[in-house]
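Enquirer: Here's a structure for you.
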Amino acid sequence: MPLKLALIGLPGSGKSSVAKHLAQHYRWAQVDTDQVFESRVGMPIRDFFSAHGEAAFRDLETEVLADCLQRPGPLVLATGGGIVLRPENRQLLRKQSLVFFLKQRPEELARRLKTDTKRPLLQGGDALAKLRDLAGVRDPLYRQSAHYTVEAQRPTVAAVVQWICMQL
Ligand code: S3P
Numbered sequence: 040m041p042l043k044l045a046l047i048g049l050p051g052s053g054k055s056s057v058a059k060h061l062a063q064h065y066r067w068a069q070v071d072t073d074q075v076f077e078s079r080v081g082m083p084i085r086d087f088f089s090a091h092g093e094a095a096f097r098d099l100e101t102e103v104l105a106d107c108l109q110r111p112g113p114l115v116l117a118t119g120g121g122i123v124l125r126p127e128n129r130q131l132l133r134k135q136s137l138v139f140f141l142k143q144r145p146e147e148l149a150r151r152l153k154t155d156t157k158r159p160l161l162q163g164g165d166a167l168a169k170l171r172d173l174a175g176v177r178d179p180l181y182r183q184s185a186h187y188t189v190e191a192q193r194p195t196v197a198a199v200v201q202w203i204c205m206q207l
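Residue numbers (this note's numbering): 40 to 207.
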């Protein structure tokens, strides 16, 4: 089976940027589940959340992930931060791809997302506290899903890309 790399981690951990650089490096296709989701529903995720709620988002996100992983050929896949919440997604990711968890400290994520308005789960209130809560719930799920964890002391996109390339 052609190699598929999947990147998982909290919002702001650099999944999309790292995926773009890896795909350029290997000349592979790059797909982002959030982008596929938005083009499928024809609206930003934030608007979909307000209109239909999180459960509907997770249902469709699960379908989008399965479709992305069925694409033929080598691929770098950036995923939405909550993709690991569904057990079937965790299983599918591990089975169909080599999974890298981009681990980053909530303080650093909050700094990067200071002016973000796109992510519904981080709007209104203390983003750092929300990111800490998300990390508490999701870190074990990211670790369960991942073949590799890229630790937080690799802070730049280039350092993360280089580390991932060294594992392949
Ligand atoms: C989400 C993260 C977002 C997006 C949606 C939900 C989450 O993706 O899928 O807003 O539950 O953490 P990013 O991780 O790319 O921000």
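Beta carbons: idealized from backbone N, C-alpha and C, even for Gly.
Since we're looking at a predicted model, the values are computed, not measured.
(1) In or out: residue 176 buried (at least 16 other Cβ within 10 Å) or exposed?
(2) Rounded to whole angstroms, what is the Cα-Cα separation between residue 72 and residue 93?
(3) Between residue 100 and residue 80, what straight-line distance do the alpha-carbon atoms span, to the nearest angstrom?
(4) Might you give, ordered along the chain, the residues of its own chain that have their beta carbon closer than 7 Å to the beta carbon of residue 128, omitting 5 neighbours on each side?
(5) Beta carbon of residue 106: closer than 7 Å to some heavy atom of the ligand S3P?
(6) Smallest Cα separation from residue 115: which of 95, 206, 43?
(7) Is it the case that the Cβ atoms of residue 185 and residue 170 are separated by a distance below 8 Å?
(8) When the Cα of residue 140 is compared with those of 87, 203, 158, 108, which residue comes out closest?
(9) Under 8 Å, Cβ to Cβ, is there at least one residue of chain B near residue 64?
(10) So the alpha helix (DSSP H) residue 61 belongs to, where does it begin and stop?
(11) Taking C-alpha atoms, which residue in 124, 195, 206, 205 lies nearest to residue 51?
(12) Going residue by residue through the segment 93-176, where are the continuous alpha helix (DSSP H) segments of at least 4 residues, counting only ones entirely within it?
(13) Going by beta carbon distance, what residues of the same chain come within less than 7 Å of residue 27, once the five residues before and after it are set aside?
(14) When DSSP labels each residue in this structure, what does residue 195 get in the three-state scheme?
(15) In whole angstroms, give me the CA-to-CA distance for residue 173 and residue 119.
(16) Quick one: what does DSSP say residue 185 is sitting in, helix, strand or coil?
Expert: Concretely, from the data shown:
(1) The residue you call residue 176 lines up with position 137 of the sequence shown. With fewer than 16 Cβ atoms within 10 Å of its Cβ, residue 176 is classed as exposed.
(2) Position 33 of the sequence shown, counting from 1, holds the residue named residue 72. Position 54 of the sequence shown, counting from 1, holds the residue named residue 93. When rounded, the distance between both Cα atoms is 16 Å.
(3) To locate residue 100, count along the sequence shown from 1; it is residue 61. To locate residue 80, count along the sequence shown from 1; it is residue 41. Using only the alpha carbons, I get a separation of about 11 Å.
(4) The residue given as residue 128 occupies position 89 in the sequence shown. Answer for residue 128: 101, 104, 122, listed in chain order.
(5) Residue 106 sits at position 67 when you count from the first residue of the sequence shown. The answer is no for residue 106.
(6) Against the sequence shown, residue 115 aligns to sequence position 76. Looking only at 95, 206, 43, the smallest Cα-Cα distance to residue 115 is reached by 43.
(7) Along the sequence shown, read from residue 1 onward, the residue named residue 185 stands at position 146. Along the sequence shown, read from residue 1 onward, the residue named residue 170 stands at position 131. No, they are not a contact pair.
(8) Against the sequence shown, residue 140 aligns to sequence position 101. Per the C-alpha coordinates, the member of 87, 203, 158, 108 positioned closest to residue 140 is 203.
(9) No chain B is part of this structure, which consists of one protein chain only.
(10) Working through the sequence shown from its first residue, we reach residue 61 at position 22. In the DSSP assignment, residue 61 falls within the unbroken alpha helix (DSSP H) covering 54-65.
(11) As a first step, residue 51 must be located in the sequence shown, where it is residue number 12. Minimum Cα-Cα distance from residue 51 among the listed residues 124, 195, 206, 205 corresponds to 195.
(12) 93-108, 126-135, 145-151, all fully within the segment 93-176.
(13) Absent from the structure is residue 27, since the part of the chain shown begins at 40 and ends at 207.
(14) The residue labelled residue 195 in the question sits at position 156 within the sequence shown. Three-state result, residue 195: coil.
(15) Locating residue 173 in the sequence shown gives position 134, where the first residue counts as 1. Locating residue 119 in the sequence shown gives position 80, where the first residue counts as 1. Distance between the alpha carbons of residue 173 and residue 119 is about 13 Å.
(16) Taking the sequence shown and counting its residues from 1, one reaches residue 185 at position 146. Of the three classes helix, strand and coil, the one that applies to residue 185 here is coil, per DSSP.
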